[in-house]
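Here's the structure, in structure tokens; my notes come after.
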Amino acid sequence: MARAKVLVAGLGLLAAAMAGTPSRAAEAAPPLGIGIEGWPYPYPVHFFDVVNGGQPLRMAYMDVAPTAPPNGRTAVLLHGKNFSSDYWANVISDLTGLGTRVVVPDQVGFNKSSKPDLDYSFDELSTNTAALLDRLGVAGPVDLVGHSTGGMLAVRFALLHPGRVRRLVLEDPIGLEDYRVNIPPQTTATLTAAELKQTPESYRAFIARYFVVYPKEEQEPFVAQRMGIAASAEYDRWAKSSAEAYQMIYRQPVRSEYRDLAMPVLIAVGAEDRTVVMKAYGDPARTAAMGNFPVLARAACAEVKDCSVSVIENSGHVPHLEQPGAFLPALNAFLK
Numbered sequence: 001m002a003r004a005k006v007l008v009a010g011l012g013l014l015a016a017a018m019a020g021t022p023s024r025a026a027e028a029a030p031p032l033g034i035g036i037e038g039w040p041y042p043y044p045v046h047f048f049d050v051v052n053g054g055q056p057l058r059m060a061y062m063d064v065a066p067t068a069p070p071n072g073r074t075a076v077l078l079h080g081k082n083f084s085s086d087y088w089a090n091v092i093s094d095l096t097g098l099g100t101r102v103v104v105p106d107q108v109g110f111n112k113s114s115k116p117d118l119d120y121s122f123d124e125l126s127t128n129t130a131a132l133l134d135r136l137g138v139a140g141p142v143d144l145v146g147h148s149t150g151g152m153l154a155v156r157f158a159l160l161h162p163g164r165v166r167r168l169v170l171e172d173p174i175g176l177e178d179y180r181v182n183i184p185p186q187t188t189a190t191l192t193a194a195e196l197k198q199t200p201e202s203y204r205a206f207i208a209r210y211f212v213v214y215p216k217e218e219q220e221p222f223v224a225q226r227m228g229i230a231a232s233a234e235y236d237r238w239a240k241s242s243a244e245a246y247q248m249i250y251r252q253p254v255r256s257e258y259r260d261l262a263m264p265v266l267i268a269v270g271a272e273d274r275t276v277v278m279k280a281y282g283d284p285a286r287t288a289a290m291g292n293f294p295v296l297a298r299a300a301c302a303e304v305k306d307c308s309v310s311v312i313e314n315s316g317h318v319p320h321l322e323q324p325g326a327f328l329p330a331l332n333a334f335l336k
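In full-length UniProt numbering, the protein residues as written are 1 to 336.
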């Protein structure tokens, strides 16, 4: 799929709003609720009721049928922290075109799902995901694909439910190193305040660090979405939810447990990805060497019984968007 089409499937309704210079795009985007209710997804969105922390919640998801003769497999795609699930559009199209059913949940606390005030945990998100698969009648093992923070969740899910995962794909997974070693803990209030201070310019710079050659104009929807959320009357609640997600990442490392993964694993990373969660809070002298994803991926893979690494050239943190021509063949070859 051509790069120009990657986000169009999910963002066509915003084409007019995104017209003009990048600095005007975020200002022109329509306001959104904290459940990004006005943000289009490429396939119908459904909701699944869950209870976390005694609170009744809704978990959004897409369940996309194969567009080719079914091969009997189901893939589950787990989004990253700062990415709504429409960014999976080209991966969904590719997999369904090969006969695979694709389930794409928005985790509680993210995107179109509920934003409760609670301490998030990868264990509970894994339990929610397993319950969703039960509800959808997905009994057999799935091909689990997790990107960024979704990679941490995918590892936790695979450890908790090894019989439910046929193959595990980790695309630039956060948590290939323990951030607590070089970055001091922060209060949730500090992290919430940082989220509330984001401007179009600061968030544009934040997103740009994820990419190497991905066109600037195609990064603008990320900025427009964030600024649309910022216009919500419930933005404070969204910001705290985002801060709690950072705390989950920081406080619940999974790196030491890679050795326990029993299924075949592919770790696919951008050659130039240097993402480090909460790096701004660390001493530059200690964080400078962090975030080398190719090096970290190879070290992690060496501890897994059946593991391979694919390094995607000219790519940062999101190879499936930045280099789909390299990422998708690697994904498909592994999932055969």
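Note that beta-carbon positions come from the ideal geometry of N, C-alpha and C, so glycine has one too. Because the structure is a prediction, the values reported are computed rather than measured.
For Gly151, the uninterrupted alpha helix (DSSP H) segment begins and ends at 149-160. By the beta-carbon neighbour count (other beta carbons within 10 angstroms, threshold 16), Ala89 is buried. If you draw a 10 Å sphere on the C-beta of Lys197, you find fewer than 16 other C-beta atoms in it, and that means exposed.
Inclusion of Val311 and Pro294 in the CB contact set at 7 Å is warranted, their separation being smaller than that value. A distance of 7 Å or more separates the beta carbons of Pro105 and Leu136.
Counting only the Cα atoms, Ala289 lies some 32 Å from Met227.
The Cβ atoms of Val223 and Pro200 lie closer than 7 Å to each other. The three-state reading of DSSP puts Leu335 in helix, counting H, G and I together. In the same chain as Pro184, and ignoring 5 residues on each side of it, the C-beta atoms closer than 8 Å to its own belong to Tyr281, Gly282, in chain order. In the same chain as Arg73, and ignoring 5 residues on each side of it, the C-beta atoms closer than 8 Å to its own belong to Gly99, Thr100, Arg101, Val142, Asp143, Arg166, Leu335, in chain order. Here the alpha carbons of His147 and Gln252 stand approximately 17 Å from one another. For Thr96, the CB contacts under 6 Å within the same chain, skipping 5 residues up- and downstream, are Val64, Pro66, Thr67, Val102 in chain order.
Secondary structure of Val277 (DSSP, three-state): coil.
The Cβ-Cβ distance between Ser315 and Lys115 does not fall below 7 Å. As DSSP reads the structure, Met59 sits in a beta bridge with Phe48. Met59 is a Cβ neighbour of Asn128, given a cutoff of 7 Å.
Between Ile34 and the set Arg237, Tyr203, Leu266, the nearest pair of CA atoms involves Arg237. Going by DSSP, Pro284 is part of the alpha helix (DSSP H) stretching over 284-287. For Arg209, the secondary structure class from DSSP, reduced to helix, strand or coil, is coil.
The criterion of a C-beta distance shorter than 7 Å is satisfied by His317 and Asp172. Listed in chain order, the alpha helix (DSSP H) runs fully inside the segment 216-242 are 216-230, counting runs of at least 4 residues. Put simply, of Gly109, Val155, Asn82, Leu57 the residue whose alpha carbon is nearest the alpha carbon of Pro264 is Val155. Between the alpha carbons of Gly151 and Ala233 lies a gap of roughly 31 Å.
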